[in-house]
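Start counting the sequence shown at 1; every next residue gets the next number (UniProt numbering). Note that beta-carbon positions come from the ideal geometry of N, C-alpha and C, so glycine has one too. These notes concern the structure reproduced below.
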Amino acid sequence: MIRRFILSRWIQAGILAGMVLVAYLPSTDHSFIWDDDYYITHNMTLAGFSGLKRIWLEPGATPQYYPLVFTSFWLEYHLFGLNPAVFHFTNILLHAANAVLVWLILARLRLPWAWPAAALFALHPVNVESVAWISERKNVLSGMFVLLSLLFLIRASLSGTGGNQYPETASTNRRLSYMTSFLFFIPALLSKTVTCMMPAAFLMLVWWKNPQGGGRKAVATLPFFLVGAAAALHTVIMEKSHVGAYGMEWAFSTIDRVLIAGRALWFYAYKLVWPANLVFIYPRWDINATVWWQYLFPVGALGAFILLWVTRGRLGRGALTGVAIFATALFPALGFINYYPMRYSFVADHFQYMAGIALIALITAAAHRLFHGIHRFPAKTACILFSVLLLLLGTRTLQEQNKYENLHTLWRDTLRKDPLCWMAHNNVGALLSKIGNYEKAIAHFNKSLSIYPTNVMAHLNIKGVSKKLTGQTTGPLLYAGEPGRPRLMAWDNRLATVMTRLGWDKAANHYYQKVMAVDPRNAEAHYGTGQLLERQGKIDAAITAYETTLDIDPLYTDVYQRLGKIHLTRNEYEKAIDRFFMLLKIDPFRAEAFEQLGLSYYHTGDLENAIRAYRLALNIQPHNRALQMTLSRILTQPEPVESLPPRP
Numbered sequence: 001m002i003r004r005f006i007l008s009r010w011i012q013a014g015i016l017a018g019m020v021l022v023a024y025l026p027s028t029d030h031s032f033i034w035d036d037d038y039y040i041t042h043n044m045t046l047a048g049f050s051g052l053k054r055i056w057l058e059p060g061a062t063p064q065y066y067p068l069v070f071t072s073f074w075l076e077y078h079l080f081g082l083n084p085a086v087f088h089f090t091n092i093l094l095h096a097a098n099a100v101l102v103w104l105i106l107a108r109l110r111l112p113w114a115w116p117a118a119a120l121f122a123l124h125p126v127n128v129e130s131v132a133w134i135s136e137r138k139n140v141l142s143g144m145f146v147l148l149s150l151l152f153l154i155r156a157s158l159s160g161t162g163g164n165q166y167p168e169t170a171s172t173n174r175r176l177s178y179m180t181s182f183l184f185f186i187p188a189l190l191s192k193t194v195t196c197m198m199p200a201a202f203l204m205l206v207w208w209k210n211p212q213g214g215g216r217k218a219v220a221t222l223p224f225f226l227v228g229a230a231a232a233l234h235t236v237i238m239e240k241s242h243v244g245a246y247g248m249e250w251a252f253s254t255i256d257r258v259l260i261a262g263r264a265l266w267f268y269a270y271k272l273v274w275p276a277n278l279v280f281i282y283p284r285w286d287i288n289a290t291v292w293w294q295y296l297f298p299v300g301a302l303g304a305f306i307l308l309w310v311t312r313g314r315l316g317r318g319a320l321t322g323v324a325i326f327a328t329a330l331f332p333a334l335g336f337i338n339y340y341p342m343r344y345s346f347v348a349d350h351f352q353y354m355a356g357i358a359l360i361a362l363i364t365a366a367a368h369r370l371f372h373g374i375h376r377f378p379a380k381t382a383c384i385l386f387s388v389l390l391l392l393l394g395t396r397t398l399q400e401q402n403k404y405e406n407l408h409t410l411w412r413d414t415l416r417k418d419p420l421c422w423m424a425h426n427n428v429g430a431l432l433s434k435i436g437n438y439e440k441a442i443a444h445f446n447k448s449l450s451i452y453p454t455n456v457m458a459h460l461n462i463k464g465v466s467k468k469l470t471g472q473t474t475g476p477l478l479y480a481g482e483p484g485r486p487r488l489m490a491w492d493n494r495l496a497t498v499m500t501r502l503g504w505d506k507a508a509n510h511y512y513q514k515v516m517a518v519d520p521r522n523a524e525a526h527y528g529t530g531q532l533l534e535r536q537g538k539i540d541a542a543i544t545a546y547e548t549t550l551d552i553d554p555l556y557t558d559v560y561q562r563l564g565k566i567h568l569t570r571n572e573y574e575k576a577i578d579r580f581f582m583l584l585k586i587d588p589f590r591a592e593a594f595e596q597l598g599l600s601y602y603h604t605g606d607l608e609n610a611i612r613a614y615r616l617a618l619n620i621q622p623h624n625r626a627l628q629m630t631l632s633r634i635l636t637q638p639e640p641v642e643s644l645p646p647r648p
């Protein structure tokens with residue numbers, strides 16, 4: 001009997017994990033997308049053991065100080081290289097583990113329909129953003145550790161006899177469970193600090209399940225609160241000083257933040273109940289404290305809490321606990337604390353990856369109560385209805401993954417659902433400029449500026465594209481930052497880049513030197529210096545600067561491109577081939593690199609590889625007439641001639 005019970009639990013866990021694997025398998029064919037370059041493909045800390053040391057000991061070396069996340073990327077990179085399928089599959093496995101842990105926790109709490117609730121979490125489309133987006137490893141990884149921590153904390157503190165009729169647990173096992181819980185809580189914080197809310201959620205479970213001895217249990221969570229608060233404070237400081245979450249885009253009054261929080265709570269609850277029209281970047285609400293209807297959201301949320309408190313005697317404490325945990329888990333993303341994404345939206349699907357579990361569990365328990373309240377409601381009918389619901393959610397999850405296939409599909413889907421997303425227009429313009437479609441690129445940049453006039457990157461992109469088209473810029477820089485603000489290294493780099501594009505080499509060099517004086521290992525500054533030296537004709541010095549950049553960041557693809565071009569113009573074809581090969585290993589979708597690789601092969605007399613490279617370039621840009629004509633000429637006149645010079 002016991003053996004059969006254990007086997008059935010393993011089978012249930014296997015079914016949960018299997019559903020996740022089947023539903024998310026298409027993601028393994030997807031590429032890297034937005035932010036994945038900062039986190040993985042262009043992340044210099046993934047290169048060697050010195051990078052691993054920087055991940056842990058140098059806050060600011062990575063986009064966010066989540067060392068366990070970047071350590072996982074470091075391991076994958078050294079074991080499998082930059083194969084996006086591996087990174088995606090890891091996310092899928094972590095989400096499958098989380099679904100099983102959700103079931104174990106809800107079963108431990110003796111919640112009705114614990115397995116169906118875990119299945120809903122496993123296949124809910126709102127979680128696709130956390131699983132199919134590699135950069136959100138921090139969600140699925142921190143989720144696994146915090147769920148393990150919560151499971152062991154429940155075993156340690158809510159495993160007594162009495163009203164809850166839990167089996168007796170020896171005090172030694174309780175202490176071991178408590179210590180294990182704390183040990184899992186540390187890596188949860190090192191993966192994402194929003195998990196600091198777990199001890200508060202646990203105390204709400206105590207209030208619900210076993211309020212006797214609540215004071216003693218509160219004292220037991222004190223170490224969790226202390227380390228969680230320290231980690232959260234560090235993240236708040238980093239979010240402002242390193243990530244840049246300060247300025248006019250975050251200048252909200254207390255009333256404004258209350259309005260944002262109230263609206264966000266209802267938004268997240270709505271998306272869980274009705275997961276339609278999920279958008280990668282949702283429209284940023286226009287918060288106005290003088291508009292009366294905006295107060296309905298926070299007042300309605302407060303009213304819901306009051307209603308659940310007043311009716312707790314009749315409904316039980318479970319409903320209030322579920323809603324309170326949902327709101328508590330969301331608290332770091334409700335707008336009371338500055339975080340960078342507030343610049344373009346107040347909400348995102350991945351913000352409620354953990355929080356949604358509470359509401360899903362509550363809705364599932366309510367459905368159980370409803371079905372059992374209906375006289376003679378057939379259990380088979382309930383199973384059929386639930387199976388249909390899972391099928392619908394699984395289908396939506398499969399469909400939702402399509403937009404995460406690559407950058408083009410991501411921004412295309414975003415603009416289809418929100419044509420006024422200024423960031424998507426800017427990024428589509430950047431993609432178009434990469435393939436040489438400059439006119440459409442400028443149209444997208446201008447559209448971005450019409451929506452958000454102070455978009456610095458759109459201004460820079462227009463100037464860069466205009467210079468490629470005409471050799472001249474289109475006017476003065478329209479947005480130069482906030483006077484009086486202390487500039488960060490990232491801002492100095494940006495200023496230097498602008499001045500380089502404007503041709504103000506002396507001023508650009510001043511800012512690059514300023515950055516390197518503070519951070520001698522700043523790859524962008526060394527690369528920018530190399531560009532200045534190359535433009536001044538100091539080729540050997542430029543090569544040295546570029547090589548230094550690669551020593552710091554071996555994944556800096558633009559450097560391989562510049563070095564390849566230099567070697568090509570110097571007739572150093574083998575060196576050029578090596579550089580272009582390295583570039584294409586990192587970024588295999590650069591048509592220009594394939595073209596120049598083909599040209600290098602052509603000059604060495606290796607026509608077979610030259611033709612292969614040009615055809616690969618045409619696979620990326622099939623309508624590029626210059627590529628078509630060059631390939632045709634190679635096929636008809638195979639001997640190297642001077643009329644095929646290296647392109648600058």
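Can you tell me whether residue i is buried or exposed, with buried defined as 16 or more other CB within 10 angstroms of its CB?
| i | result |
| --- | --- |
| TRP74 | buried |
| GLU439 | exposed |
| PRO476 | Below a pLDDT of 50, predicted positions are generally treated as unreliable, and PRO476, at 37, falls in that range; no measurement from the model is reported. |
| MET629 | exposed |
| GLU595 | buried |
| PRO223 | exposed |
| CYS421 | buried |
| VAL20 | buried |
| PRO378 | exposed |
| MET248 | exposed |
| SER433 | buried |
| PRO275 | buried |
| PRO483 | Caution applies to PRO483, whose pLDDT of 32 falls short of 50 and renders its modelled position unreliable; the value that the coordinates give is listed next. Exposed, by the Cβ-count rule. |
| ALA118 | buried |
| LEU597 | buried |
| SER157 | buried |
| PHE49 | exposed |
| GLN536 | exposed |
| GLN513 | exposed |
| LEU568 | buried |
| ILE11 | exposed |
| LYS463 | buried |
Between the beta-carbon of residue i and the beta-carbon of residue j, is there less than 9 Å?
| i | j | result |
| --- | --- | --- |
| GLY335 | ALA261 | yes |
| ALA324 | PHE305 | yes |
| GLN401 | MET238 | no |
| ASP413 | SER130 | no |
| ALA508 | LEU532 | yes |
| GLN399 | LYS271 | no |
| VAL347 | PHE267 | yes |
| LEU390 | LEU123 | yes |
| ALA593 | PHE580 | yes |
| SER450 | GLY429 | no |
| PHE577 | ILE543 | Sequence inspection shows Ile at residue 577; the Phe mentioned does not correspond to that position. No, these two residues do not count as a Cβ contact at 9 Å. |
| LEU392 | LEU431 | no |
| HIS603 | TYR573 | yes |
| LEU627 | LEU618 | yes |
| LEU190 | PRO67 | yes |
Assuming residue i and residue j are in contact, meaning their beta carbons sit under 8 Å apart, how far apart are those beta carbons, in whole angstroms?
| i | j | result |
| --- | --- | --- |
| LEU203 | THR221 | 6 Å |
| ALA355 | ALA319 | Not confirmed; about 16 Å, so no contact. |
| ILE611 | LEU635 | 7 Å |
| ASN426 | ALA458 | 5 Å |
| PHE121 | ILE360 | 5 Å |
| ALA289 | ILE255 | 5 Å |
| residue 662 | LEU101 | Summary: the structure shown does not reach residue 662, with the chain confined to residues 1 through 648, and so no result is reported for it. |
Practice task
Could you say if the stretch 89-108 and the stretch 130-145 meet the contact criterion of at least three C-beta pairs nearer than 8 Å?
Solution key: yes
Problem - Validate contact between the stretch 108-116 and the stretch 365-378 using beta carbons, cut 8 Å, 3 pairs - result: yes
Practice task
Tell me, please, whether the stretch 27-40 touches the stretch 541-551 by the rule of three or more beta-carbon pairs shorter than 8 Å.
Solution key: no
Handout entry: Runs of beta strand (DSSP E) lying entirely within the stretch 53-82, each at least 3 residues, in chain order
Key = none
Problem - Within the stretch 231-315, ranges of the alpha helix (DSSP H) (whole runs, at least 4 residues) - result: 254-273, 296-310, 312-315
Handout entry: the stretch 174-191 / the stretch 296-310 touching (three or more Cβ pairs under 8 Å)
Key = no
Problem - Inside the stretch 171-202 only - alpha helix (DSSP H) runs reaching at least 4 residues - result: 171-191
Handout entry: Start-end ranges of the alpha helix (DSSP H) lying completely within the stretch 367-421, minimum 4 residues
Key = 379-400, 407-417
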